[in-house]
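To start, the structure under review is shown below, and the notes come after it.
Residue numbers (our numbering): 47 to 447.
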């Protein structure tokens, strides 16, 4: 009787831990739908593309030319009803995360989300990802959709054996946001040559709408401007930028990061610091890349490194706002599973929880706006993400050797 009571009580607690955050997400999604967020940039991009205005005369437009074409339907819907456009986007973001979690559970653990919705296998990573879900909803950003397309590309490739559709999804992310290039490298390392080739072909084909909307000459000018003036215009040393690049810049370059508090320990130029980043990434990446290239046979081994490469997206992007770290969620699902199954050693558990604390407790809701800015200045989110990536690489080593 007592055991039955404990089991029922535990299930009630699990349901409580699911429904309270889930309802809060829904409430926040609709509440933030009344705010501009980054969505105003998407609307402006669509407006400028439709009406023939210079795309990059609007300060918010830092995206490739195709992104503005993609935003034309968003502009139409926003012109009809701004709240409706944002509300649909927000609800779509929630659906996208649910569908991503569904695919992750199936790909990594061969489990159905409907059976584990109120179980620790889903609840723990869901709660650990909660902050970054809120960040995306608060800023009305596209990152959750990009994550879904990446995971769906893997699902279509490995489960449905549809390399063409997988390549289309991957090419769409590359053409719209580019930062998924770091995930695309994984397909090369696991030697999915057909899918890689199709992706490159689709990337070329996806430029065709740009030529149709802007014309030949203007499209070439836009791509040239985007590449020279935006894609290569970093660094962005501001404390809000939580990429690994920005962390190293703040550590080595004597430039104010926005709070008038010096953080540099060295006196390098931006170019010198950039070379330091490239060197660190190269040296740190050689071993895991070699492991994946020489991986043992089997689908389980094939998919094992997928969360790791998704987690690299916010770290290796030259510019990464907090909302970008939603790409850590697949790695959190994987590491949470290892934790729940008792596969992590004591030091691994320590690294896991310290990393999660750095990722979560630096939020304004816990420490207030000023201390949160200080946490960003000293790259605590970046350090938390590095901890998650380090654990993922270590588990990769254990899996492949």
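Cβ coordinates follow ideal geometry from the N, Cα and C atoms, glycine included. In this text, all values refer to a predicted model and were calculated from it rather than measured experimentally.
Practice prompt. Taking the CB atoms as reference points, tell me whether residue 427 and residue 404 lie closer together than 9 Å.
Written response: yes
Worksheet item: Just to confirm, are residue 382 and residue 167 a CB contact at a threshold of 9 Å?
Response: yes
Worksheet entry | Other residues of its chain near residue 64: CB distance less than 7 Å, five sequence neighbours each side excluded | 163, 164 and 169
Discussion item. Closer than 8 Å is the cut-off here; do at least three beta carbon pairs connect the segment 405-419 with the segment 196-213?
Written reply: no
Fill in: Nearest-angstrom Cα separation, counted from residue 440 out to residue 48
Caution applies to residue 48, whose pLDDT of 48 falls short of 50 and renders its modelled position unreliable; the model cannot decide the point.
Practice prompt. Go ahead and pull the three-state DSSP assignment for residue 449.
Written response: Here the chain covers residues 47 to 447 and nothing more, so residue 449 does not appear.
Worksheet item: Mapping DSSP to helix, strand and coil, what is residue 283?
Response: coil
Fill in: Residue interval of the alpha helix (DSSP H) (run including residue 101)
Run containing residue 101: none; DSSP gives neither H nor E here.
Item to complete: Mind checking which residues open and close the alpha helix (DSSP H) that includes residue 433?
Response: 426-446
Practice prompt. Over the uninterrupted alpha helix (DSSP H) stretch that includes residue 313, give me the two end residues.
Written response: Premise fails: residue 313 is in no alpha helix (DSSP H) and is neither H nor E.
Worksheet item: Going along the chain, which residues of its own chain have a beta-carbon closer than 6 Å to the beta-carbon of residue 178, five neighbours each way excluded?
Response: 371 and 372
Worksheet item: Should residue 221 and residue 112 be called a contact, given that it needs their Cβ atoms to be closer than 9 Å?
Response: yes
Practice prompt. Taking only runs that begin and end inside the segment 249-296, name each unbroken alpha helix (DSSP H) of 4 or more residues, in chain order.
Written response: 254-260 and 262-271
Discussion item. Check this for me: beta carbons of residue 354 and residue 429, under 9 Å apart or not?
Written reply: no
Worksheet item: Using the beta-carbon count (16 or more within 10 Å), is residue 274 buried or exposed?
Response: exposed
Fill in: 8 Å contact criterion, which residue 366 and residue 287 should meet: CB distance rounded
6 Å
Fill in: Buried or exposed (CB count within 10 angstroms, at least 16 for buried), residue 223
buried
Worksheet item: When the Cα atoms are used, what is the spatial distance from residue 241 to residue 147?
Response: 23 Å
Worksheet item: Among the residues of its own chain, which have a CB less than 6 Å from the CB of residue 118, if the five just before and after it don't count?
Response: 92, 95 and 96
Worksheet item: Looking at the structure shown, is residue 204 part of a helix, part of a strand, or coil, going by DSSP?
Response: helix
Item to complete: Just confirm the distance between the C-beta atoms of residue 79 and residue 142, as a whole number of angstroms; I'd bet it's less than 8 Å.
Response: Actually they do not touch by this definition, with Cβ atoms about 16 Å apart.
Worksheet entry | Same chain only: Cβ atoms within 8 Å of residue 123, ignoring 5 sequence neighbours per side | 130, 131 and 134
Practice prompt. Tell me, please, whether the segment 290-297 touches the segment 311-328 by the rule of three or more beta-carbon pairs shorter than 8 Å.
Written response: yes
Practice prompt. For residue 181, collect the residues of the same chain with a Cβ closer than 6 Å to its Cβ; drop the 5 residues on either side in sequence, then sort them by chain order.
Written response: 368 and 369
Worksheet entry | For residue 224, three-class secondary structure by DSSP | coil
Worksheet item: For residue 84 versus residue 190, is the C-beta spacing smaller than 9 Å?
Response: no
Worksheet item: Since residue 299 and residue 316 are thought to touch, with beta carbons under 8 Å apart, how far apart are those beta carbons, to the nearest angstrom?
Response: 6 Å
Discussion item. Rounded to whole angstroms, what is the Cα-Cα separation between residue 432 and residue 193?
Written reply: 19 Å
Worksheet item: Who are the near neighbours of residue 199 in its chain, counting only those whose CB is closer than 6 Å to its CB and skipping five residues on each side?
Response: 212, 215 and 216
Discussion item. Rounding to the nearest angstrom, what Cα-Cα distance links residue 115 and residue 232 in this structure?
Written reply: 28 Å
Item to complete: Report yes if the C-beta distance between residue 437 and residue 398 is below 9 Å; otherwise report no.
Response: yes
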